[in-house]
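Notes to accompany the following structure.
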Amino acid sequence: MDAAEFRRRGKEMVDFVADYLENIEHRRVYPDVEPGYLRSMIPSEAPLEPESYEDVLKDVDRVIMPGITHWQSPHFHAYFPSASSYPALLADMLCGGLGCIGFTWAASPACTELETVMLDWLGKMLQLPEDFLAGTKGQGGGVIQGTASEATLMALLAARCKAVKCVHESDPQRSEADIISKLIAYTSEEAHSSVERAGLIGGVGIRMVATDEHFSVRAETLEKMVAEDKAAGFIPFFFCATLGTTPSCAFDKITELGPLCNAENIWMHIDAAYAGSSFICPEFRPLLDGVEFADSFNFNPHKWLLVNFDCSAMWVKKRTDLIGAFKLDPVYLKYDNQESGMFRSLKLWFVFRMYGQSGLQAYIRKHVELAKVFETMVKKDKRFEICAEVVLGLVCFRLKGSDELNEALLKEMTHLGRIHLVPCKLRGRFVLRFAVCGRTTELRHVQEAWTHITELSSELLLKKRNEA
Ligand SMILES: Cc1ncc(COP(=O)(O)O)c(C=O)c1O
Numbered sequence: 016m017d018a019a020e021f022r023r024r025g026k027e028m029v030d031f032v033a034d035y036l037e038n039i040e041h042r043r044v045y046p047d048v049e050p051g052y053l054r055s056m057i058p059s060e061a062p063l064e065p066e067s068y069e070d071v072l073k074d075v076d077r078v079i080m081p082g083i084t085h086w087q088s089p090h091f092h093a094y095f096p097s098a099s100s101y102p103a104l105l106a107d108m109l110c111g112g113l114g115c116i117g118f119t120w121a122a123s124p125a126c127t128e129l130e131t132v133m134l135d136w137l138g139k140m141l142q143l144p145e146d147f148l149a150g151t152k153g154q155g156g157g158v159i160q161g162t163a164s165e166a167t168l169m170a171l172l173a174a175r176c177k178a179v180k181c182v183h184e185s186d187p188q189r190s191e192a193d194i195i196s197k198l199i200a201y202t203s204e205e206a207h208s209s210v211e212r213a214g215l216i217g218g219v220g221i222r223m224v225a226t227d228e229h230f231s232v233r234a235e236t237l238e239k240m241v242a243e244d245k246a247a248g249f250i251p252f253f254f255c256a257t258l259g260t261t262p263s264c265a266f267d268k269i270t271e272l273g274p275l276c277n278a279e280n281i282w283m284h285i286d287a288a289y290a291g292s293s294f295i296c297p298e299f300r301p302l303l304d305g306v307e308f309a310d311s312f313n314f315n316p317h318k319w320l321l322v323n324f325d326c327s328a329m330w331v332k333k334r335t336d337l338i339g340a341f342k343l344d345p346v347y348l349k350y351d352n353q354e355s356g357m358f359r360s361l362k363l364w365f366v367f368r369m370y371g372q373s374g375l376q377a378y379i380r381k382h383v384e385l386a387k388v389f390e391t392m393v394k395k396d397k398r399f400e401i402c403a404e405v406v407l408g409l410v411c412f413r414l415k416g417s418d419e420l421n422e423a424l425l426k427e428m429t430h431l432g433r434i435h436l437v438p439c440k441l442r443g444r445f446v447l448r449f450a451v452c453g454r455t456t457e458l459r460h461v462q463e464a465w466t467h468i469t470e471l472s473s474e475l476l477l478k479k480r481n482e483a
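Sequence positions in the sequence shown follow my numbering and run 16 to 483.
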């Protein structure tokens with residue numbers, strides 16, 4: 016493909032994407048294919064000779080589209096949102112065109128510099144304490160990671176390095192292996208599975224902290240576990256708090272957990288993968304109170320801030336903790352300024368400038384309002400119950416009755432493919448999660464979703480009564 020054809024195909028692709036997004040609500044949101052459907056539709060080996068662009072594009076329709084779950088559909092209510100916006104799509108295209116990799120400042124100065132400044136902009140939008148901002152001479156700062164899972168792993172490894180150094184200073188005879196074997200990390204029983212996985216990768220023990228009636232970790236519970244572990248000769252070193260848990264969007268009490276972690280020399284990382292975006296609204300910012308006690312904080316603009324995947328924003332109070340833990344100095348990377356940044360920051364820059372803080376706040380508020388509307392409709396129907404407090408854009412609910420009944424309801428919904436939800440377990444019970452996800456989700460979509468759910472429920476309950 017030469018530049019002339021790229022110009023033509025590029026314009027066609029923009030039309031293809033715009034048509035797709037404009038008409039997405041008429042598609043079945045959840046695909047109707049079986050596992051392994053794709054392998055038989057394409058050759059078992061890559062072509063030896065070049066094929067035409069037309070043939071490739073035809074296969075996008077024939078092979079790919081049938082197996083797509085339409086995350087950008089206004090009927091998509093599963094997981095948490097996967098952000099998408101036209102400014103971010105265009106920035107991604109530019110990023111691909113520039114094709115640079117900013118692994119050091121010299122590798123592409125604008126990559127590093129824009130990332131640092133964008134994370135300062137974003138940090139200020141969230142009203143993060145000054146300590147987290149790089150400014151021109153601060154010790155803290157932000158870095159873009161691919162995912163929240165990576166950020167948690169980075170934080171845990173940096174904390175591990177710091178803990179080993181600290182113990183070694185007071186007890187130089189002790190081997191690194193012995194210290195690591197005694198390290199213990201903590202997180203909520205409601206935390207995302209990536210936290211436990213970070214513990215596995217980091218080769219440290221990890222303990223799950225029980226939550227209160229709001230699914231929040233409280234300091235009292237963590238304090239007891241830390242005391243027990245210390246008495247047994249272990250070294251508590253890391254606590255991952257969650258603001259906006261995956262199952263029910265619950266918030267650990269970081270205002271009381273933070274002082275405990277600080278007093279015990281435990282690194283507190285905050286995972287606010289989904290909820291973090293909402294902190295740009297002054298009315299939701301109190302949910303972040305206590306961040307001043309944290310060593311690191313992370314959330315995903317690629318979830319709820321209109322920035323396409325991948326873009327996970329992570330801040331640390333001391334950049335040296337992170338850089339020091341992973342520093343290697345091969346000669347080909349040697350340069351006075353070793354800080355790095357990939358060009359994911361371009362997406363942030365485009366989105367911040369084209370939506371403005373007011374546009375982004377309006378977008379968050381709309382999702383929260385739609386979730387409240389859904390909650391009100393659930394509460395009005397006595398056959399249903401709300402299972403967790405609705406704080407942001409997620410509603411956890413279920414039909415009063417057995418898990419089997421709710422499982423059957425979800426199975427039927429998924430089979431019909433008009434709306435897409437996923438479940439969670441709360442205190443062992445099977446619960447449905449309704450997340451407001453789409454950039455184009457309107458009141459009518461939420462109302463239609465509820466009508467669909469109630470109709471399916473009526474059929475299910477009638478069938479059950481007839482069988483009894
Ligand atoms: C609280 C929380 N943490 C972490 C994650 C994982 O995010 P990522 O896919 O960016 O690793 C999720 C995903 O929903 C989440 O809800």
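A virtual CB, placed ideally from N, CA and C, is assigned to each residue, including glycine.
These numbers were taken from a predicted model, which means no experiment stands behind them.
By the beta-carbon neighbour count (other beta carbons within 10 angstroms, threshold 16), residue 472 is buried.
Residue 336 carries a helical assignment under DSSP once its states are collapsed to helix, strand and coil. With a beta-carbon spacing of about 19 Å, residue 248 and residue 180 fall beyond the 8 Å limit used to define contacts.
Proximity to residue 149 across 335, 277, 62, 461 peaks at 335, based on C-alpha coordinates.
Rounded to the nearest whole angstrom, the CA to CA distance from residue 375 to residue 319 is 9 Å. Proximity of the beta carbon of residue 18 to ligand 1 is not indicated: no heavy atom of the ligand is located closer than 7 Å.
At least one heavy atom of ligand 1 lies less than 7 Å from the C-beta of residue 286.
Shown here for residue 233: same chain residues with a beta carbon closer than 6 Å to its own, the five before and five after excluded, namely 227, 268 in chain order. Contact between the stretch 33-52 and the stretch 433-448 is established, with three or more Cβ pairs separated by less than 8 Å. Within the same chain, 115, 117 come within 6 Å of residue 123 by CB-CB distance, once the 5 residues on both sides are set aside. Per DSSP, residue 79 lies in no alpha helix (DSSP H) segment and is marked neither H nor E. Between ligand 1 and residue 207, a heavy atom-to-CB distance of less than 7 Å is present.
Here residue 87 is buried, its C-beta having at least 16 other C-beta atoms within 10 Å.
If you look at residue 468, you'll find it in the alpha helix (DSSP H) that goes 458-482. Counting of Cβ neighbours within 10 angstroms places residue 205 among the buried residues, the total reaching 16 or more. In this structure, the straight-line span from the alpha carbon of residue 111 to that of residue 71 is close to 20 Å. Taking 7 Å as the cut-off, one finds at least one heavy atom of ligand 1 near enough to the beta carbon of residue 315. If only uninterrupted beta strand (DSSP E) runs of at least 3 residues are considered, those enclosed by the stretch 259-327 are 282-286, 311-314. Taking C-alpha positions only, residue 426 is separated from residue 64 by approximately 44 Å. Less than 8 Å separates the beta-carbon of residue 317 from that of residue 97. Residue state for residue 139 is assigned as helix, using DSSP reduced to three classes.
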